[in-house]
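What follows is a set of notes on a single structure, which appears directly below.
Numbering (UniProt numbering), first residue to last: 1 to 966.
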C-alpha cells in the first residue's frame, strides 16, 4: 500500500506493508537519525513527533501515519543549524554516546512546545520513557531547563545553576588554557542531530542491498545437537547462507577482547555440536531481508539430546557435577572440575594474624547477574573493499583485538582484514567481546556480499555478556582501636558457560580493593572462577572491583559497629595515603604478577570530609528518623580503581602539521561515548598552544590509525593520553627546530630529538621550553621575544628549505597505574511495610587527578552512579528452572529512568598526578563501585539489618526485617 506522510515539512509517499512500523519505514527511506533499540516501545530511542506528539516509532504502524506529519530530530535542527535544545545538550555535557539523544531531544521539543516553562519534575515526567544509560540524566535535565530559559528570552544564552556539581582543587600545577575546561565534544552537534554515525546507520546508508543475519540459539542449557537439517532453510528464496559447525572453521579461541597472550581460556568455537547455555550459538543465516532471515531460522530443524545442567556456582565443583567443558580447553585451570580460573595470593600469614587479632569479623556476600544494556545492541557488518580486503565495521571497544581474534578464527592474514569502529551507542565493557564480528566476516567471504548482524534486545540480554555473579567470603582482623592486621577474601565467581575474562575479573576483585586498606600486614586473596550452564559474564564497568567493594565495604561497616566506632574514622585509620604502597600491587595484577606502585596523588581525606558534610553525616547517622512505617538512614563507601594496566597496556598516536598551522591527529583510542576524542584533542591542543578547532582527529581504524589496546581498564585518558602528549611534544619540538632556523637562533638538536616525557616534574621543567614556547599559533623565542607563525614554519619545511614532513608517531606504556579515589554517601528511606528502599540523596566526592573536561568527567560519574544504583536495587536476571532468562526485555529488566534517579551531588577534588598526561587519572569506572555498599550500609544504619545478597529488592528487605538471613 502507498501512504503519504509529511516528514520534516516535506510531503513524501512511501510503499509500505500493512504491518510495517514507522521506524523501519523511516530508516529505509534514509531518515537514519531515528534510532532503533528495544523495538518494543520501552526505551524511547526511536521517538518521533506525530502531529507534534511524541510516539515510539518502533510500535506505531506506518499505515496509521498516512496523512499525518512526522518530525524527526533532523526536522528540529541539524548540525549546521542546531535548535536551542541541541545546542544546550552539547553545551551542558548532556551528550555521551549520543544514541538516545535524538529521541530525548524530540521528547523535550514536544514538552517545550506545550509548556515553555517546565519544572524539573515536569521534564523528568515528560522524558521518563527516554532511557539513557550513559549520563545519569542530570545534565540532560539541566539542558532542557537551559533551553527553556533561552527560548523564553528569545534565544538569549542563559546560565542555569548547577545545584549538584562542585569542582575544587588541591595542590598546585601548571596553568592551562584548554585542559581543565569544559569544551564542547568534538562530535556533540553531529550526535545531537542524529547524524548517521553508528554501525547500522553506515550499513543502511552505504550498503542498502546488504544481507541480513540472524542467529539461531539454543533453547536448552546443556546438551548435544544430534541432528540439524538446513535443507529447507537453504531452499527458501532469498536465503543466501546457512552456517553451522558443519561448514565453518573449528578453531578454538576466546571471545574476550584482551591483549595478547589472552589470559582467558580458548573454550569457544564459531559453532559446535555441544550447547552450553540457553542462548548459545546453534546456527546463523544470512538473507536478502530481515523477514526472510527470520523465516530461514524457523526452517532449520534441530534435535537435541538434553543433558543435566549445572545452574549454580556452588554446585559446579561438587563431585558428580555435570562438566561444562569436557574437551579440556587450553588455558582453563581445571575444566574436569569446572574451574576456568584460580588465583591464590598470600602476603604474610593471614590465618595466624586472624587468630592473634583482638577483634575479628567474617561475612559472606553474594552479587548477582546484571547486564550492561547499552542503547545500541551489538552490531557489525562486513564488506569486501576494492582491493579484496575484508572490512569489518563494528560497535567494538577493541578494534585491534577484534582483528587479531577474527584473523585467528578464520585463518585470514591481518593484511587482508581491517576493523573500523564508528560511533558506539554505549559499551560499558560488553563490547570488549568478539560476539558477531567473525560471523559477518565469514559470511562476506562466503557470499561476496556485504553482511550485517544486529542483535535484538532479547539476544543482547540472553546471548551477549553480563556482570560476573560472585560469592565472596570476607574476613578482617584488627586490634581494639581498629588498626587492621589481617584481610582475607575468597571469591567464587560464576563465569557461565565460557571463561571470558574469568581470571582477570576475579583477580581485580582483590587487586583493586584490598590495597585501599594497606595497613593490614597479612593479606590473602584467593578464588575460583567456575563454569556453569548459565549466560556468559564478561567485562563490565568496574571489572570485578564492584563485587569486591560490595563485600569489603559492608564488612568494614559491620566491623565499625562491633568496635563502636564511626565507619569514617575506621577507614581513615587504615586507608592508603600519598607516599605509600601495598604489597598486593606487586603480588597481583590482572591475572598475572602486578607492578609495585606508590601513591603519588590523593585527596581521599578531603573527599571523606566533604562527602560527610554534604550528606549530613554527623547529624543523621544512627538517628533512624521515622515517619510512620518509613525510616531513614545514611551510609557510605570508599574506593579506588586504577588507570590502565601497568607495563601491559600500550597506546599510540600520530600528529602531523598542516600548512595552515592546524594539525591532523590519528590515534587508536576508542571513543565509546566517553568523549576521549575530545579530551585527547584538548591534551594535544594544550601542548601545541592552539584552540580546539585547530585539531582534527581520526580514531579507531586498524588500517588508518596507530595501535591502541582499546577502551577498557580505565586506560584511555591515562594511557592513550600519554601517547597523545608524547606525540604533541615531539611535533612541537620539530616545529621549534624549524623556528630556530627562521629566527637565526641556535637550538641544541638533542633537545629536539629527546624522548618526550609524559611525567611532570615541577623542579625539572621541559628544557626546550626555556628556548621557545607555543602561543596562539606562533612560536615565540624566550631569548629574543621574536616570533614566527606555525603556518610559515610549515610552508618552509614542506616547500622551501630542507623539505620534510613535520609529523610523528609516539607510543606510551606506563609502569604506573595511579588510582582515582572516591567516597560515596547516600541517604535512603526504607518502607518497612513493603520493603522498598528509596534513595533520597546521593553524594559522590571524586579525585581523578586533573579533570581534563569537567563536564565530561561529571557525566562519567553520573552515569556510573545511575548504573550502580540500578545494580543495587532493581537490575537482576531472573531464571527459570532450566536456566532460561525470564525477563529479557527493557520492560521486565528495570534500569533507572529519569524519575528514578535521586538528587545527586558530584564533588570533584582535583589533584595533580605527576605520572599522568596533564596530571590526569581515570574516572569512568570507579563510581560504579559505590552504590551497592553505600546503600547496603545505609539500610543497616536505618534498620539494623544487614543484607548479604544483592540486589536489595523489597522481598529481601522484608524477609530480613522478619528475621530471615539474607
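Beta carbons are placed, not taken as given, at the ideal position from N, Cα and C, and that holds for glycine.
C-beta contact flag for residue i and residue j at 9 Å
{"i": "residue 219", "j": "residue 369", "result": "no"}
{"i": "residue 822", "j": "residue 929", "result": "yes"}
{"i": "residue 820", "j": "residue 869", "result": "no"}
{"i": "residue 756", "j": "residue 810", "result": "yes"}
{"i": "residue 213", "j": "residue 34", "result": "no"}
{"i": "residue 378", "j": "residue 428", "result": "no"}
{"i": "residue 324", "j": "residue 222", "result": "yes"}
{"i": "residue 406", "j": "residue 438", "result": "yes"}
{"i": "residue 365", "j": "residue 555", "result": "yes"}
{"i": "residue 375", "j": "residue 131", "result": "yes"}
{"i": "residue 211", "j": "residue 45", "result": "no"}
{"i": "residue 793", "j": "residue 742", "result": "yes"}
{"i": "residue 718", "j": "residue 917", "result": "yes"}
{"i": "residue 968", "j": "residue 341", "result": "In this structure the chain extends from 1 to 966, so residue 968 is not present and cannot be described."}
Classification of residue i by the beta-carbon crowding that lies within 10 angstroms, buried from 16 upward
{"i": "residue 634", "result": "buried"}
{"i": "residue 465", "result": "buried"}
{"i": "residue 355", "result": "exposed"}
{"i": "residue 579", "result": "exposed"}
{"i": "residue 479", "result": "exposed"}
{"i": "residue 782", "result": "exposed"}
{"i": "residue 852", "result": "buried"}
{"i": "residue 784", "result": "exposed"}
{"i": "residue 320", "result": "exposed"}
{"i": "residue 750", "result": "exposed"}
{"i": "residue 175", "result": "exposed"}
{"i": "residue 81", "result": "exposed"}
{"i": "residue 187", "result": "buried"}
{"i": "residue 119", "result": "exposed"}
Residues that DSSP places opposite residue i in a beta bridge
{"i": "residue 778", "result": "775 and 789"}
{"i": "residue 253", "result": "268"}
{"i": "residue 76", "result": "In DSSP, residue 76 forms no bridge with anything."}
{"i": "residue 149", "result": "DSSP lists no partner for residue 149."}
{"i": "residue 382", "result": "392 and 451"}
{"i": "residue 12", "result": "5"}
{"i": "residue 346", "result": "524"}
Spatial neighbours of residue i in its chain, beta-carbon cut-off 8 Å, leaving aside the 5 residues before and after
{"i": "residue 6", "result": "12, 68, 69 and 70"}
{"i": "residue 909", "result": "168, 169, 170, 603, 606, 607, 610, 845, 846 and 847"}
Own chain residues within Cβ distance below 6 Å of residue i, not counting five before or after
{"i": "residue 457", "result": "38"}
{"i": "residue 860", "result": "923 and 924"}
{"i": "residue 83", "result": "76 and 77"}
{"i": "residue 802", "result": "none"}
{"i": "residue 967", "result": "With the chain covering only 1 through 966, there is no way to say anything about residue 967."}
Segment limits, alpha helix (DSSP H) that includes residue i
{"i": "residue 124", "result": "120-126"}
{"i": "residue 463", "result": "457-463"}
{"i": "residue 585", "result": "583-587"}
{"i": "residue 741", "result": "721-743"}
{"i": "residue 401", "result": "399-410"}
{"i": "residue 356", "result": "350-356"}
{"i": "residue 960", "result": "954-961"}
{"i": "residue 556", "result": "545-563"}
{"i": "residue 109", "result": "101-114"}
{"i": "residue 613", "result": "604-615"}
Neighbourhood of residue i by C-beta distance below 7 Å, restricted to the same chain and skipping five residues each side
{"i": "residue 817", "result": "597, 642, 643, 644, 645 and 646"}
{"i": "residue 759", "result": "914 and 915"}
{"i": "residue 422", "result": "197, 198, 199, 202 and 393"}
{"i": "residue 487", "result": "476, 514, 517, 520 and 523"}
{"i": "residue 788", "result": "739, 742, 743, 778 and 779"}
C-beta neighbour in chain B for residue i, strict 9 Å
{"i": "residue 659", "result": "The question asks about chain B, but that chain is absent: this structure has only one protein chain."}
The beta strand (DSSP E) enclosing residue i, as first and last residue numbers
{"i": "residue 663", "result": "663-667"}
{"i": "residue 810", "result": "807-812"}
{"i": "residue 167", "result": "165-169"}
{"i": "residue 161", "result": "Segment: none, residue 161 is in no beta strand (DSSP E) and carries neither H nor E."}
{"i": "residue 847", "result": "837-847"}
{"i": "residue 452", "result": "451-454"}
{"i": "residue 213", "result": "211-217"}
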